[in-house]
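Worksheet: one structure, shown below.
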Amino acid sequence: DNKTMFRRKIIKPTLLLLGQLQTFTATNAFGCPPPERLRRLLQSVERGEASILLLPCCYDGLSARLVALNGFDATFMTGFGVSGVNGYPDTQLVSFNEMMSAANSVAEGLASAALEKAKYGEGDAASAEPVAIPCIADGDTGYGNAINVKRTVFGYARAGMAGMMIEDQVAPKRCGHVAGKSVVSFAEAVQRVKAACDARDEYEALFGKGTGPLILARTDSLVTDGFEDAIQRCLAFREAGCDMTFLEAPQTIGQMEEYCKRVSGPKLANMLEFGSTPILPPADLQKMGYTMAAYPLTLLSASIKAMQELLQLIKEGQPTFDKILSFGETKDIVGFTKYAKEEDRYKS
1182 DNKTMFRRKI IKPTLLLLGQ LQTFTATNAF GCPPPERLRR LLQSVERGEA SILLLPCCYD
1242 GLSARLVALN GFDATFMTGF GVSGVNGYPD TQLVSFNEMM SAANSVAEGL ASAALEKAKY
1302 GEGDAASAEP VAIPCIADGD TGYGNAINVK RTVFGYARAG MAGMMIEDQV APKRCGHVAG
1362 KSVVSFAEAV QRVKAACDAR DEYEALFGKG TGPLILARTD SLVTDGFEDA IQRCLAFREA
1422 GCDMTFLEAP QTIGQMEEYC KRVSGPKLAN MLEFGSTPIL PPADLQKMGY TMAAYPLTLL
1482 SASIKAMQEL LQLIKEGQPT FDKILSFGET KDIVGFTKYA KEEDRYKS
């Protein structure tokens, strides 16, 4: 009849076209979504096609821009750094909203750097498509119960984060390399990770394949409950569906090797200078089985040292020219060069 013909010739092809358009939009029209881009980078490392993914950690728009402009493939937004630039220690004094604000600034910094390199870069970069490098955001303990964890995943996804780290410390948490840590029970830790993974999948169901932030599940139980407990938690996190694991603060190379041997999937090594974990060259970490190497405080610590030295020179009345960039270089790094060129494009 006419209704059947209408459904067959009009409605069905239209629905099929809309489905194809949705898939195209999610993966092509706006480029590869950040989580999918991160997934591909991790897969390349795991297949042996690329070197270990180096993650200099950022904490604001400027540090994110610097990481991207210096040619790194990915970055990590560190909670220690965000806390530090807000004038606090990493003891979860910074709220979810403050972390969200930092994530938005980081995303803008990464996007602006990508556009600058594509539009105004030199050589090949000038003709390349703009690609914002993916960022994994620190989700701390999720800022509440399992439902808060899910809200945190959605918030970071909307901010353009490629992944989110969730950990098993008791709130308020603290830096993994300082005293006073405690962790939630094994069961609660697994449910916290499961909630994050469910939120990832729910976000993808709403907005398309590859849009849900990858989940990096971290355990701090090595110090509190022993190495074997930490391994068992990582294994359980994998069963719960996490994309990556992070066993925090291993104290020996042997522990690092055992972790890599027994836990599947992408793994993160935390290269905190002067911390509890042995600092190894990236090639050695990759040979061991790590997929990512994060440098959580290198940029923050270096900037603090530089500022302290400059403040002392100022106090002593000494010149600072040989310790700083030229005004022109500083303007370029923060985006004045791009701003001027963009301003010229839209002059009336």
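Taking the working numbering, I'd label the letters of the sequence shown as residues 1182 to 1529. Glycine is no exception: its CB is placed at the ideal position from the N, C-alpha and C atoms.
Limits of the beta strand (DSSP E) - the one that residue i falls within
| i | result |
| --- | --- |
| P1315 | Careful: P1315 lies outside any beta strand (DSSP E) and carries neither H nor E. |
| F1427 | 1425-1428 |
| T1400 | 1395-1400 |
| M1345 | 1344-1348 |
| M1258 | 1256-1258 |
| N1451 | 1449-1451 |
Close-in-space but distant-in-sequence residues of the same chain around residue i (CB under 8 angstroms, 5 per side omitted)
| i | result |
| --- | --- |
| G1290 | C1239, D1241, G1242, L1243, S1244, A1245, R1246, A1249 |
| L1478 | C1238, T1259, F1261, G1262, L1453, E1454 |
| T1204 | Any reading at T1204 must be qualified, since the residue scores a pLDDT of 37, below 50, and its modelled position is unreliable; no value is offered. |
| K1512 | T1518 |
Neighbourhood of residue i by C-beta, 7 angstroms cutoff - its chain only, sequence neighbours within 5 removed
| i | result |
| --- | --- |
| I1233 | V1226, P1463, L1466, Q1467, Y1471, T1472, M1473, A1474 |
| L1197 | The pLDDT assigned to L1197 is 49, lower than 50, so where the model puts this residue is not dependable, and the model offers no usable value. |
| S1402 | D1349, V1364, D1410, A1411, R1414 |
| C1378 | I1396, A1421, G1422, C1423 |
| I1460 | M1452, E1454 |
| R1218 | P1315, A1343 |
| A1178 | Shown here, the chain extends from 1182 to 1529; a query on residue 1178 therefore has no answer. |
| P1270 | S1264 |
Sequence-distant residues of the same chain with beta carbon closer than 6 angstroms to residue i, five excluded per side
| i | result |
| --- | --- |
| R1399 | M1346, E1348, F1427, E1429 |
| Y1440 | L1428 |
| L1481 | G1262, G1265 |
| E1297 | K1519 |
| I1434 | P1459 |
| G1320 | T1333, M1345, M1346, I1347 |
Whole-number beta carbon distance between residue j and residue i, since they are thought to touch under 8 angstroms
| i | j | result |
| --- | --- | --- |
| L1492 | K1504 | Actually they are not in contact, since the Cβ atoms of L1492 and K1504 sit about 11 angstroms apart, beyond 8 angstroms. |
| G1575 | M1281 | What the structure shows of the chain is the stretch from 1182 to 1529, and residue 1575 is not part of that stretch, so it cannot be assessed. |
| P1394 | P1216 | 5 angstroms |
| K1331 | A1380 | 4 angstroms |
| A1284 | M1342 | 6 angstroms |
| K1362 | T1405 | 6 angstroms |
| E1383 | T1392 | Actually they do not touch by this definition, with Cβ atoms about 11 angstroms apart. |
| A1376 | A1417 | Wrong, their Cβ atoms sit about 14 angstroms apart, outside the cutoff. |
Chain D contact for residue i (CB, 8 angstroms cutoff)
| i | result |
| --- | --- |
| P1353 | The chain labelled as chain D is not found in the depicted structure, where only one protein chain is given. |
The alpha helix (DSSP H) enclosing residue i, as first and last residue numbers
| i | result |
| --- | --- |
| A1521 | 1517-1526 |
| S1225 | 1215-1227 |
| G1435 | 1434-1443 |
| E1310 | Careful: E1310 lies outside any alpha helix (DSSP H) and carries neither H nor E. |
| E1420 | 1408-1421 |
| K1331 | 1327-1339 |
| V1351 | Taken as a continuous stretch (DSSP letters only), V1351 belongs to no alpha helix (DSSP H), as it is neither H nor E. |
| K1375 | 1367-1388 |
Heavy atom of the ligand MN within 7 angstroms of residue i beta-carbon
| i | result |
| --- | --- |
| G1290 | No copy of the ligand MN occurs in the structure displayed, which carries no ligand at all. |
Would you call the segment 1435-1446 and the segment 1278-1293 in contact, with 3 or more CB pairs under 8 angstroms?
no
- Query: Which ranges would you report for the beta strand (DSSP E) in the segment 1234-1290 if only whole runs of at least 3 residues count?
  - Reply: 1234-1239, 1256-1258
Query raised in the report: What residue ranges within the segment 1454-1514 form continuous alpha helix (DSSP H) runs of no fewer than 4 residues, ordered along the chain?
Result: Entirely contained in the segment 1454-1514, the alpha helix (DSSP H) runs reaching 4 residues are, in chain order, 1463-1469, 1479-1496.
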